[in-house]
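Colleague: Right, I'll just put the structure down here and ask away after.
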Amino acid sequence: MKLELVQPALVPPLDPGFRPAVLANRLFLQQASSPLVIAIERSGGEITRFETKIFPAGDPKAGQNLEYSERIVKFLLWQRGGFKIYIGGSTKVAEYIRKTYSANGKRKFDYEFMGQKIYEQNFEVISCAVDEVPAARETGKLLGGHLQGARIGFDLGASDRKVSAVMDGKVIYSEEVIWEPRKHADPAYHYNEVKAAIETAASKLPRVDAIGGSSAGIYIDNRPMVASLFRKIPPHRYREIHDMFLRISDEMGVPLEIINDGDVTALAGAMSLKDNGILGIAMGSSEAAGYINTEGHIMGWLNELSFCPIDYNPKAAREEWSGDIGCGATYFSQQAVFRLAPAAGIEIPTGITDAAKLKFVQEKLESGHEGAIKIWQSIGIYLGYALAHYADFYNLKHVLILGRCTSGTGGNLILEGAKQVLAHEFPELAEKINIQLPDEKSRRVGQSIAAASLPHLKD
Numbered sequence: 039m040k041l042e043l044v045q046p047a048l049v050p051p052l053d054p055g056f057r058p059a060v061l062a063n064r065l066f067l068q069q070a071s072s073p074l075v076i077a078i079e080r081s082g083g084e085i086t087r088f089e090t091k092i093f094p095a096g097d098p099k100a101g102q103n104l105e106y107s108e109r110i111v112k113f114l115l116w117q118r119g120g121f122k123i124y125i126g127g128s129t130k131v132a133e134y135i136r137k138t139y140s141a142n143g144k145r146k147f148d149y150e151f152m153g154q155k156i157y158e159q160n161f162e163v164i165s166c167a168v169d170e171v172p173a174a175r176e177t178g179k180l181l182g183g184h185l186q187g188a189r190i191g192f193d194l195g196a197s198d199r200k201v202s203a204v205m206d207g208k209v210i211y212s213e214e215v216i217w218e219p220r221k222h223a224d225p226a227y228h229y230n231e232v233k234a235a236i237e238t239a240a241s242k243l244p245r246v247d248a249i250g251g252s253s254a255g256i257y258i259d260n261r262p263m264v265a266s267l268f269r270k271i272p273p274h275r276y277r278e279i280h281d282m283f284l285r286i287s288d289e290m291g292v293p294l295e296i297i298n299d300g301d302v303t304a305l306a307g308a309m310s311l312k313d314n315g316i317l318g319i320a321m322g323s324s325e326a327a328g329y330i331n332t333e334g335h336i337m338g339w340l341n342e343l344s345f346c347p348i349d350y351n352p353k354a355a356r357e358e359w360s361g362d363i364g365c366g367a368t369y370f371s372q373q374a375v376f377r378l379a380p381a382a383g384i385e386i387p388t389g390i391t392d393a394a395k396l397k398f399v400q401e402k403l404e405s406g407h408e409g410a411i412k413i414w415q416s417i418g419i420y421l422g423y424a425l426a427h428y429a430d431f432y433n434l435k436h437v438l439i440l441g442r443c444t445s446g447t448g449g450n451l452i453l454e455g456a457k458q459v460l461a462h463e464f465p466e467l468a469e470k471i472n473i474q475l476p477d478e479k480s481r482r483v484g485q486s487i488a489a490a491s492l493p494h495l496k497d
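In case it helps, this note's numbering puts the sequence shown at residues 39 to 497.
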């Protein structure tokens with residue numbers, strides 16, 4: 039039995055089939071009454087818990103339990119991460135999750151990624167009673183906001199690497215250097231480039247007390263587990279990349295912390311807003327996100343919202359890497375722009391880079407092209423419903439939206455659409471969540487200071 043879907047009150051002009059996850063879940067939970075508890079264990083024995091409800095076994099609607107639970111598990115895996123799932127309250131749901139997330143199941147991609155690739159563990163699903171589900175154990179790290187001393191902050195992007203020398207919170211030197219990490223298979227290239235950036239910044243400081251960095255990808259304990267920057271590195275040499283930042287820290291003789299760039303964006307926002315409970319969402323080649331909780335902690339969650347489902351339409355767009363449908367990457371990135379362009383009456387030239395394709399559509403938008411306007415209006419409506427969905431998994435006070443898809447007129451259209459949805463459908467969230475576009479200059483400088491501020495110096 040399929041999950042009952044709900045048509046949104048505000049429909050994306052170019053995607054009438056959009057069926058928000060949040061509306062289907064709310065309808066389901068209004069009727070469900072039997073407790074279901076999901077816990078997921080990740081590295082360091084950390085455990086995250088999520089309590090929800092399903093239909094009792096004999097209920098005529100109990101067939102909806104499987105799809106509802108699977109979409110929640112999928113969301114939690116990519117939002118928080120982990121390799122061991124506890125399902126308390128339904129052996130049927132547990133069995134379905136075990137079969138779906140297996141070497142031969144529909145979610146084979148997630149099974150392999152969460153098991154060996156990220157956590158270097160066997161992926162498993164454990165069925166138990168509600169009261170046997172382990173308690174939450176999440177410490178979170180109070181990273182960042184440390185401005186004292188001579189620090190270096192760096193940010194590794196796909197097309198350039200930025201580095202700043204920061205003295206007591208003031209940037210005294212910054213540079214951006216073009217590089218092409220995705221085209222190089224030799225780990226020595228990456229090591230030499232990163233080391234050169236750090237040494238350039240070090241030459242501008244009287245000494246170096248600490249180094250902080252940000253980069254796209256999944257980092258566990260300062261080790262890149264999966265990162266598109268290093269996609270060319272052959273598996274038998276990936277260990278050199280795993281240990282690269284630990285090696286640089288040893289060589290420099292100072293603490294080095296590197297985390298996902300989304301979390302650094304959220305940290306930069308927290309430092310500039312002087313507040314916490316911040317979700318940063320960057321809309322670029324994919325959807326990147328980061329989160330600082332209401333206590334100011336970085337939780338060690340993955341925040342890979344690009345793989346988290348927000349649209350339950352069975353004909354929703356397919357995410358090319360994981361093969362799943364309705365996930366963030368195809369709604370909040372240049373992929374969304376390219377996907378909606380044909381419906382907007384825009385033919386994008388072939389044989390040019392993705393950056394040039396986006397620029398082509400953005401130029402149409404700036405010239406007032408009606409179809410282009412509808413693309414960004416659609417993304418804004420998607421975002422409003424997605425934020426209401428995210429609010430079921432995050433405690434949110436501020437949402438920062440940034441990235442190249444938000445530049446120019448597009449950013450304001452996305453902001454307007456999202457605010458309109460919250461005001462109309464989720465007034466309680468509209469009052470609680472402040473959505474904003476940080477300006478580009480403060481963000482770029484803010485990112486390097488935030489990265490530099492990551493390591494804590496012992497007094």
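By construction, the Cβ of each residue, glycine as well, lies at the ideal position given by its N, Cα and C atoms.
1) So, is Ser405 buried or exposed, given that buried needs 16 or more other C-beta atoms within 10 angstroms?
2) Is DSSP giving Ile384 helix, strand or coil here?
3) Please name the residue or residues paired with His184 in a DSSP beta bridge.
4) If I'm right that Leu181 touches Gly207 with Cβ under 8 Å, what's the distance once you round it to whole angstroms?
5) Can you tell me whether Leu495 is buried or exposed, with buried defined as 16 or more other CB within 10 angstroms of its CB?
6) In or out: Lys353 buried (at least 16 other Cβ within 10 Å) or exposed?
7) Under a Cβ-count criterion, where at least 16 other Cβ atoms within 10 Å of its own Cβ denotes burial, should Arg4 be classed as buried or exposed?
8) Just how far apart, CA to CA, sit Tyr229 and Ile258?
9) Drop a sphere of 10 angstroms on the beta-carbon of Asn433, count the other beta-carbons inside from all chains shown, and report buried for 16 or more, exposed for fewer.
10) Here's a check: name, in chain order, each residue in its chain whose Cβ is nearer than 6 Å to the Cβ of Ser324, leaving out the five neighbours to either side.
11) Beta-carbon separation of Gly322 and Lys179 under 8 Å?
12) When DSSP labels each residue in this structure, what does Arg87 get in the three-state scheme?
13) Look up Lys200 in the DSSP assignment and say whether it is helix, strand or coil.
14) Relative to the C-alpha of Ser72, which candidate in Lys270, Ser416, Gly96 has its C-alpha closest?
15) Rounded to whole angstroms, what's the CA-CA distance from Gly291 to Glu231? Just pull it up for me.
16) By Cβ distance, which residues of its chain are closer than 8 Å to Tyr149, with the 5 residues on each side in sequence left out?
17) Got a sec? Which residues, its chain only, sit under 7 Å from Glu105 by beta carbon, not counting five neighbours each side?
18) Buried or exposed: Glu295, going by 16 or more other Cβ atoms within 10 Å of its Cβ?
19) With Glu133 and Ser165 assumed to form a contact (beta carbons below 8 Å), what rounded beta-carbon distance in angstroms separates them?
20) For Gly255, I'd like the list of residues in its chain whose CB is within less than 7 Å of its CB, leaving aside the five on either flank, ordered along the chain.
21) Check whether the region 392-402 and the region 467-476 are in contact - that is, three or more C-beta pairs closer than 8 Å.
22) Who are the near neighbours of Tyr428 in its chain, counting only those whose CB is closer than 6 Å to its CB and skipping five residues on each side?
23) For the beta strand (DSSP E) containing Ala326, list its first residue and its last residue.
24) Taking DSSP as the reference, what is the three-state secondary structure of Asp313?
25) Which whole-angstrom value describes the C-beta separation of Ser252 and Val302, a residue pair presumed to lie in contact below a C-beta threshold of 8 Å?
26) Using 8 Å as the threshold, is the region 410-420 in touch with the region 447-465, meaning 3 or more CB pairs across them?
27) Taking all protein chains shown into account, decide if Gly441 is buried (16 or more other Cβ within 10 angstroms of its Cβ) or exposed.
28) Since Met282 is in the alpha helix (DSSP H), which residue starts that stretch and which ends it?
29) Asn472 bridges to which residues according to DSSP?
30) What residue range does the alpha helix (DSSP H) around Arg64 cover?
31) Using a threshold of 8 Å, state whether the C-beta atoms of Val209 and Arg87 are closer than that.
32) Report the start-end ranges of each alpha helix (DSSP H) in the region 89-173 that is 4 residues or longer and not cut off at the edges.
33) Who are the near neighbours of Arg275 in its chain, counting only those whose CB is closer than 7 Å to its CB and skipping five residues on each side?
34) Report yes if the CB atom of Trp233 is closer than 8 Å to the CB atom of Tyr211, and no otherwise.
Modeller: In short:
1) With fewer than 16 other Cβ atoms inside 10 Å of its own Cβ, Ser405 counts as exposed.
2) Coil at Ile384, not helix or strand.
3) The partner list for His184 (beta bridge, DSSP) is empty, contrary to what the question assumes.
4) Actually they do not touch by this definition, with Cβ atoms about 16 Å apart.
5) Residue burial annotation: Leu495 is exposed, with fewer than 16 other C-beta atoms found within 10 angstroms of its C-beta.
6) That one is exposed.
7) Because residue 4 is not part of the residues shown, which for the chain are 39 to 497, the question remains open.
8) Between Tyr229 and Ile258, the C-alpha separation is close to 18 Å.
9) Label assigned to Asn433: exposed.
10) Excluding the 5 residues flanking it on each side, Ser324 has same chain C-beta neighbours closer than 6 Å at Ser344, Ala367, Ser371, in chain order.
11) For Gly322 and Lys179, no; Cβs fall outside 8 Å.
12) For Arg87, the three-state secondary structure derived from DSSP is strand.
13) Note: Lys200 maps to strand in three-state DSSP.
14) Closest by alpha carbon: Gly96.
15) Gly291 and Glu231 have their C-alpha atoms some 19 Å from each other.
16) Within the same chain, Tyr149 has close Cβ partners Tyr139, Ser140, Ala141, Gly143, Phe161.
17) Excluding residues up to 5 positions away in sequence, Lys40, Leu41 lie with their Cβ nearer than 7 Å to the Cβ of Glu105 in the same chain.
18) By the neighbour-count criterion, in which a residue is buried when 16 or more other Cβ atoms sit within 10 angstroms of its Cβ, Glu295 is buried.
19) Between Glu133 and Ser165, the beta carbon gap of about 7 Å places them in contact (Cβ cut-off 8 Å).
20) Setting aside the 5 residues that flank it on each side, Gly255 is surrounded in the same chain by Pro262, Val264, Ala265, Ser266, Leu267, Asn298, each with a C-beta closer than 7 Å to its C-beta; the list follows chain order.
21) Note that the region 392-402 does not touch the region 467-476; fewer than 3 beta-carbon pairs, one per stretch, sit closer than 8 Å.
22) The answer is none, since no qualifying residue turns up.
23) 325-330 is the extent of the beta strand (DSSP E) around Ala326.
24) Coil.
25) About 4 Å separates the two Cβ atoms, so the contact holds.
26) As far as the Cβ criterion goes, the region 410-420 touches the region 447-465, which means the pair count is three or higher.
27) Here Gly441 is buried. Its C-beta has 16 or more other C-beta atoms within 10 Å.
28) Residue range 282-290 is occupied by the alpha helix (DSSP H) that includes Met282.
29) Paired residue(s): His436.
30) For Arg64, the uninterrupted alpha helix (DSSP H) segment begins and ends at 59-69.
31) Going by C-beta atoms, Val209 is not nearer than 8 Å to Arg87.
32) As far as the region 89-173 is concerned, its whole alpha helix (DSSP H) runs of at least 4 residues are 102-118, 129-138, 146-150.
33) Closer than 7 Å at Cβ, skipping near neighbours: Pro225.
34) Just to set this straight, residue 233 is Lys in the shown sequence, not Trp. No, the pair does not count as a contact, with Cβ atoms beyond the cut-off.
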